[in-house]
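First the structure, in the form of structure tokens, and then the observations on it.
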Amino acid sequence: MRSTAVIVLGVALILAAWSASPGAPALAAARTWTIVAGGATKDYGVWSNAYHPRRVEIATGDTVVWKFAGFHTVTFLGGETFPGLTVQEGDRLYLNPLVAFPAGGKTYDGAGYHNSGVPPEDPAAFGKLTYALTFTKPGTYYYVCVVHGPGMGGTVLVKDRVSGSPASTAAQAVRDQEATLKAGQAALAAWKVERQGNTVIVPLIGDLPHGHSLLRFSRQPLVVTRGTTVMWTMRDPFEIHTVTFTSGQKPPEFVLPQPQPQGLPKLLLNPKVVAPTPQKAYDGTGYVNSGILFPAGAPGNLPHSYSLTFTKPGRYEYWCAVHAPEGMKGEVIVK
Ligand SMILES: [Cu+2]
Numbered sequence: 119m120r121s122t123a124v125i126v127l128g129v130a131l132i133l134a135a136w137s138a139s140p141g142a143p144a145l146a147a148a149r150t151w152t153i154v155a156g157g158a159t160k161d162y163g164v165w166s167n168a169y170h171p172r173r174v175e176i177a178t179g180d181t182v183v184w185k186f187a188g189f190h191t192v193t194f195l196g197g198e199t200f201p202g203l204t205v206q207e208g209d210r211l212y213l214n215p216l217v218a219f220p221a222g223g224k225t226y227d228g229a230g231y232h233n234s235g236v237p238p239e240d241p242a243a244f245g246k247l248t249y250a251l252t253f254t255k256p257g258t259y260y261y262v263c264v265v266h267g268p269g270m271g272g273t274v275l276v277k278d279r280v281s282g283s284p285a286s287t288a289a290q291a292v293r294d295q296e297a298t299l300k301a302g303q304a305a306l307a308a309w310k311v312e313r314q315g316n317t318v319i320v321p322l323i324g325d326l327p328h329g330h331s332l333l334r335f336s337r338q339p340l341v342v343t344r345g346t347t348v349m350w351t352m353r354d355p356f357e358i359h360t361v362t363f364t365s366g367q368k369p370p371e372f373v374l375p376q377p378q379p380q381g382l383p384k385l386l387l388n389p390k391v392v393a394p395t396p397q398k399a400y401d402g403t404g405y406v407n408s409g410i411l412f413p414a415g416a417p418g419n420l421p422h423s424y425s426l427t428f429t430k431p432g433r434y435e436y437w438c439a440v441h442a443p444e445g446m447k448g449e450v451i452v453k
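Each step along the sequence shown adds one to the number in the numbering used here, with nothing skipped, and position 38 is 156.
Shown next, in the form of structure tokens:
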């Protein structure tokens, strides 16, 4: 047995030496390349909704590892249609299991749906989760984050030979992520509410070219006079949000996992978060909720803004029930 092993090893060494000679086909050791999915500032106010770097060139047989730094998927459609983020059953919405859970094998040749699944929505857990795929065939492969829509995508270019290195790609990822977050911080610093008559408009901001979103309602509490209408409006191409006044209660959970007798849990989207409540005014009491506000540019007749009139002086805290774990809350002071 030992001699067989020596012979096999010898053949492998000869092959390796041969492949290293100039002009021979590349049979270099497979390498691993790291891409960072998203990222955030320390206070979770500014988020990257981009892959860093957005494009990587690797050799056939190499592996890409995505490190999750936010609530994203890495999804190669492999010829399948873009899956919806949610599926409806009766009047209930669930997170699409095709999006939520891993699918496809550990290798990719351009065919078949391959998906990382979503990490838990817990900022403290981000960074610990990874997804790896080994690419077995030359080609140009696009992937997307199904959570943040086609605006968050990346490319893996698989070639016989590549010039870059995993180390330079990792360094580029850091620079790229810093640039995205810096652009987001600049947008946060320049953030202004707008006034139209007796209405104050609060834009909810994100930026497609830079790939960032602000998970904040404003820089400081919004001060308005009694009788003012505040309109929150989506100018973010990536995120969904809610405007949810809880009158002192904890904000409701967005996703309610429902264990099943067999298989994976169903991920119910809390109807309390999804559905708007009927009030047009707020006096500091009750549960008043916008329902889901959809990204700017989302197709169909989906709500992108929410208006509420403030009828009583006071200090009112409100939440985005989707991004409460990221600290997305605001304050309206009515005088
Ligand atoms: Cu939000």
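For glycine and all other residues, C-beta sits at the position ideal for the given N, C-alpha and C.
Please indicate yes or no: does the CB of residue i lie closer than 7 Å to some heavy atom of ligand 1?
{"i": "Met446", "result": "yes"}
{"i": "Glu357", "result": "yes"}
{"i": "His441", "result": "yes"}
{"i": "Cys263", "result": "no"}
{"i": "Leu333", "result": "yes"}
If you compare alpha carbons, which of the options is closest to residue i?
{"i": "Pro443", "options": "Ile358, Thr152, Tyr162 and Gly222", "result": "Tyr162"}
{"i": "Thr500", "options": "Ala242, Val450, Thr360 and Asp227", "result": "No information on residue 500 is available, as it lies outside the stretch 119 to 453 that the chain covers here."}
{"i": "Val292", "options": "Leu247, Thr360 and Tyr169", "result": "Tyr169"}
{"i": "Lys398", "options": "Ala218, Ser408, His441 and Lys390", "result": "Ser408"}
{"i": "Ala250", "options": "Thr362, Thr191 and Gly282", "result": "Thr191"}
{"i": "Pro394", "options": "Thr360, Val182 and Leu195", "result": "Thr360"}
{"i": "Ser365", "options": "Lys447, Thr252, Asp180 and Val262", "result": "Lys447"}
{"i": "Pro238", "options": "Phe253, Lys224 and Pro220", "result": "Pro220"}
{"i": "Cys438", "options": "Lys390, Pro369 and Gln376", "result": "Pro369"}
{"i": "Ala155", "options": "Gln367, Val320 and Phe189", "result": "Phe189"}
{"i": "Gly415", "options": "Ala177, Gly235, Tyr260 and Pro355", "result": "Pro355"}
{"i": "Thr429", "options": "Pro417, Gly402 and Phe412", "result": "Gly402"}
{"i": "Arg172", "options": "Ala308, Leu275, Lys310 and Gln303", "result": "Leu275"}
{"i": "Pro389", "options": "Leu195, Arg210, Ala187 and Ile153", "result": "Arg210"}
{"i": "Gln338", "options": "Tyr212, Phe363, Arg433 and Val217", "result": "Arg433"}
{"i": "Gly269", "options": "Glu357, Ala288 and Thr317", "result": "Glu357"}
{"i": "Trp184", "options": "Thr178, Ala308, Thr248 and Tyr212", "result": "Thr248"}
{"i": "Ala147", "options": "Lys160, Ile176 and Gly157", "result": "Ile176"}
{"i": "Tyr260", "options": "Leu306, Phe194, Leu216 and Tyr400", "result": "Phe194"}
{"i": "Lys277", "options": "Val217, Tyr231, Asp240 and Thr178", "result": "Thr178"}
{"i": "Leu203", "options": "Val236, Val174, Ala229 and Gly197", "result": "Val236"}
{"i": "Arg279", "options": "Thr287, Pro256 and Met349", "result": "Pro256"}
{"i": "Val348", "options": "Tyr212, Thr317 and Lys246", "result": "Thr317"}
{"i": "Lys384", "options": "Thr159, Ile153, Pro284 and Pro215", "result": "Pro215"}
{"i": "Thr287", "options": "Leu340, Val392, Gly445 and Val174", "result": "Val174"}
Do residue i and residue j have their C-beta atoms within less than 8 Å of each other?
{"i": "Leu63", "j": "Arg353", "result": "Since the first residue shown for the chain is 119 and the last is 453, residue 63 is missing from the structure and cannot be characterised."}
{"i": "Thr427", "j": "Gly315", "result": "no"}
{"i": "Val452", "j": "Pro431", "result": "yes"}
{"i": "Ser281", "j": "Thr351", "result": "no"}
{"i": "Leu374", "j": "Leu386", "result": "yes"}
{"i": "Val298", "j": "His328", "result": "According to the sequence provided, residue 298 is Thr. The question's Val does not apply to it. For Thr298 and His328, yes; Cβs fall inside 8 Å."}
{"i": "His330", "j": "Val164", "result": "yes"}
{"i": "Val264", "j": "Val217", "result": "yes"}
{"i": "Ala307", "j": "Leu332", "result": "no"}
{"i": "Pro421", "j": "Leu411", "result": "yes"}
Answer with buried or exposed for residue i, where buried requires no fewer than 16 other C-beta atoms within 10 angstroms of its C-beta.
{"i": "Arg334", "result": "buried"}
{"i": "Asp294", "result": "buried"}
{"i": "Pro143", "result": "With a pLDDT of only 46 at Pro143, under the threshold of 50, the placement of this residue in the model should not be trusted, and no figure is reported."}
{"i": "Gly272", "result": "buried"}
{"i": "Glu312", "result": "exposed"}
{"i": "Thr258", "result": "exposed"}
{"i": "Asn419", "result": "exposed"}
{"i": "Glu296", "result": "exposed"}
{"i": "Gly324", "result": "buried"}
{"i": "Tyr436", "result": "buried"}
{"i": "Gly223", "result": "exposed"}
{"i": "Thr199", "result": "exposed"}
{"i": "Glu455", "result": "The structure shown has nothing for residue 455, since the chain only spans 119 to 453."}
{"i": "Ser166", "result": "buried"}
{"i": "Tyr226", "result": "buried"}
{"i": "Asp180", "result": "buried"}
{"i": "Ser336", "result": "buried"}
{"i": "Gly82", "result": "With the chain covering only 119 through 453, there is no way to say anything about residue 82."}
{"i": "Ala187", "result": "buried"}
{"i": "Pro201", "result": "buried"}
{"i": "Ser234", "result": "buried"}
{"i": "Pro413", "result": "buried"}
{"i": "Gly157", "result": "buried"}
{"i": "Thr150", "result": "exposed"}
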